[in-house]
Structure formats: structure tokens, C-alpha cells
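For reference, the structure discussed in these notes is given below.
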Amino acid sequence: MKHYHFGEISSTNDYIGHLLQIEDEVVVTAEFQAKGRGRNEKNWFGGYRSNLYYSYGKKHKTEVNYEELVSYQFVGCLAVLELLEAIAPNISFRLKYPNDVYAKTPNGWKKISGVLVEHSFSGDRCESSVIGIGINVNQREFPIAEGINPTSLSLLGIETEPERLIEPLSGNIKKYLELSPSQIFEKWSNKLNIISKIVTVSNKDGLWQASKLYPTGQLELLSLDTGNYIFVDNSDSIRYELD
Ligand code: BTN
Numbered sequence: 398m399k400h401y402h403f404g405e406i407s408s409t410n411d412y413i414g415h416l417l418q419i420e421d422e423v424v425v426t427a428e429f430q431a432k433g434r435g436r437n438e439k440n441w442f443g444g445y446r447s448n449l450y451y452s453y454g455k456k457h458k459t460e461v462n463y464e465e466l467v468s469y470q471f472v473g474c475l476a477v478l479e480l481l482e483a484i485a486p487n488i489s490f491r492l493k494y495p496n497d498v499y500a501k502t503p504n505g506w507k508k509i510s511g512v513l514v515e516h517s518f519s520g521d522r523c524e525s526s527v528i529g530i531g532i533n534v535n536q537r538e539f540p541i542a543e544g545i546n547p548t549s550l551s552l553l554g555i556e557t558e559p560e561r562l563i564e565p566l567s568g569n570i571k572k573y574l575e576l577s578p579s580q581i582f583e584k585w586s587n588k589l590n591i592i593s594k595i596v597t598v599s600n601k602d603g604l605w606q607a608s609k610l611y612p613t614g615q616l617e618l619l620s621l622d623t624g625n626y627i628f629v630d631n632s633d634s635i636r637y638e639l640d
């Protein structure tokens with residue numbers, strides 16, 4: 398698989414879109430992103446050479462159904478989790494719904510990685526999918542932002558370089574993409590371990606209990622106040638405690 402590495406780039410997720418015009422499968426990494434993007438139109442900012450800024454992209458030669466598309470999100474999360482557990486076997490890591498990976502620190506669980514999956518369509522047909530991954534590696538100071546409490550491998554006492562994560566991460570992604578969407582979903586939902594957890598939802602009052610996960614990535618929540626059910630997905634922001 399081809400790998401393009403850049404010094405400064407706007408966003409690896411944006412650039413890979415151009416490369417997928419000429420490549421079937423490709424990885425793009427950068428030392429710095431001037432316009433790194435996170436979920437829900439948020440910025441994803443990290444220092445020069447501090448962190449891993451990585452995108453894996455794949456062109457679809459045949460029609461892809463919805464569950465297969467959604468499984469790219471699960472693959473990204475599982476691939477990061479497996480990588481971090483291999484690098485730092487003495488540290489606990491958890492997936493957090495929908496697209497985050499957290500690490501256990503003496504001051505509680507903190508975000509170490511985020512995954513941004515994007516698909517390109519021509520009409521109804523999905524032409525390509527991109528798994529964008531940011532992993533905090535050597536950054537030791539983070540801007541204060543509400544609701545975000547990041548950490549990095551360096552803050553966890555693990556010294557490595559972002560470049561060293563690229564090959565094993567790509568290997569994990571390829572490995573998970575060989576599984577069927579239902580196998581991928583099962584692995585993701587087992588690792589997520591969210592069912593029965595008490596959840597708060599931004600823009601919604603009250604407490605909710607996670608009752609069911611669907612292969613579409615949607616999470617069903619039961620209101621502990623009214624007994625009503627709602628669905629949330631990766632465009633929503635929810636909070637709950639990890640254990
Ligand atoms: C999130 O937690 O909101 C997802 C963050 C994803 C960040 C990565 S860094 C590499 C790739 N390029 C981007 O612009 N974003 C993703």
C-alpha cells in the first residue's frame with residue numbers, strides 16, 4: 398500500500414481525497430496539519446511532529462451497503478485500541494462512544510485519540526472511504542477546552558515517535574477490514590461495553606441509560622425520567638463514566 402508523508406498539509410483527510418482519484422488504497426500522514434478537523438466541525442489541533450496525523454483511504458470498486466460503510470468507523474477505533482494496547486501493555490485503554498479512545502491516568506480517564514471517518518459519494522454510490530486518526534504522542538500541553546481532557550503517550554510515560562505507529566496502525570486497519578461488517582460490529586460493541594451505563598446527552602435534559610447498540614452505529618437510550626427511548630449517533634455528544 399502506498400504511503401505519502403507530508404511536512405505541513407491542511408488535513409490528511411482532505412488531501413487523501415485527491416490521492417484517491419489515482420490510488421485505490423493509500424495512507425497519508427503529516428508532521429503538521431494547518432486545518433486538522435475533528436467530529437462535528439471541531440478543529441483538531443496538535444503541535445508540529447508532536448502527534449500522529451494519519452488517514453487511510455480506500456476506493457470502492459463495487460457498491461457498498463450502509464453497514465459496511467459504518468463499519469469503517471468501528472475499524473478505526475479497534476485499530477487504534479489494539480495499537481495502543483500493544484505499545485503500552487501496562488496502561489488501560491477504552492473505546493468511548495462514538496469515536497474516541499481514552500487512557501486511564503492517575504487523574505482519571507483522558508482522551509488520547511479520535512477517529513474521523515468520511516465517505517465520498519457520487520449520487521447514491523459511495524466512491525471512497527477515509528479513516529482519519531489522530532493519536533496524541535509527544536504533546537505534553539493541551540489548550541484548555543470545555544469537556545475535553547486529553548493525554549498523550551508521553552504524559553503516560555511512553556516515549557516513542559509518531560512515525561513508528563504508522564505501519565502497525567495500517568496493519569491493524571487492513572486486518573479488521575478483512576472481517577465482515579457484522580464481525581466488526583460485534584468486536585466494536587464488545588469493546589465499547591456501554592450497555593446499562595448512565596449517560597447525559599448535550600442539548601437533552603435528564604439522565605439516560607444505554608439500552609442497545611445497532612450495527613448502524615446508533616445507540617438507543619432509555620430516559621430514566623419518562624421511560625421514552627431516543628437514538629443517538631456519531632453526530633451527537635454524550636457523556637458517561639468509563640470503568
Ligand atoms: C475527533 O476526535 O473529533 C476526531 C479527530 C480526528 C483527527 C484526525 S488527525 C488526522 C485526520 N485529519 C484530520 O483533519 N482529522 C483526522
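The number in this note's numbering is simply the position in the sequence shown, starting from 1, with 397 added.
Idealized CB from N, CA, C, for every residue including glycine.
Here the structure is a predicted model, which is why all the values come from computation and not from measurement.
- Rounded to the nearest whole angstrom, the CA to CA distance from C523 to I413 is 15 Å.
- With contacts defined as CB atoms closer than 8 Å, P559 and N448 qualify as a contacting pair.
- Under the criterion of beta carbons closer than 8 Å, L550 and V534 qualify as touching, at roughly 5 Å.
- When C-beta atoms of the segment 556–573 are compared with those of the segment 589–602, fewer than three pairs fall below 8 Å, so the two segments do not count as touching.
- Non-local beta-carbon contacts of V467 in its own chain, meaning distances under 6 Å to residues more than five positions away in sequence, involve T613 and G614 in chain order.
- Contact check for S608 against L621 fails: the beta carbons are separated by 8 Å or more.
- By a beta-carbon distance limit of 8 Å, I419 does not contact V477. Their separation comes to about 27 Å.
- Unbroken beta strand (DSSP E) runs of no fewer than 3 residues, entirely contained in the segment 587–639, are found at 595–598, 601–610, 616–620 and 626–629, following chain order.
- In the structure shown, D497 adopts extended strand secondary structure according to DSSP, grouped into three states.
- Judged by DSSP secondary structure, Q470 falls outside any beta strand (DSSP E) and instead within the alpha helix (DSSP H) spanning Y463 to I484.
- For F403, the three-state secondary structure derived from DSSP is strand.
- Annotated three-state conformation of N437 is helix, per DSSP.
- The segment 543–591 contains, as complete alpha helix (DSSP H) runs of 4+ residues, the segments 560–574 and 578–589 (chain order).
- Rounded to the nearest angstrom, the gap between the Cα atoms of S408 and A427 is 8 Å.
- Listed in chain order, the non-local C-beta contacts of Y401 below 6 Å within the same chain comprise V425, local neighbours out to five positions each way being set aside.
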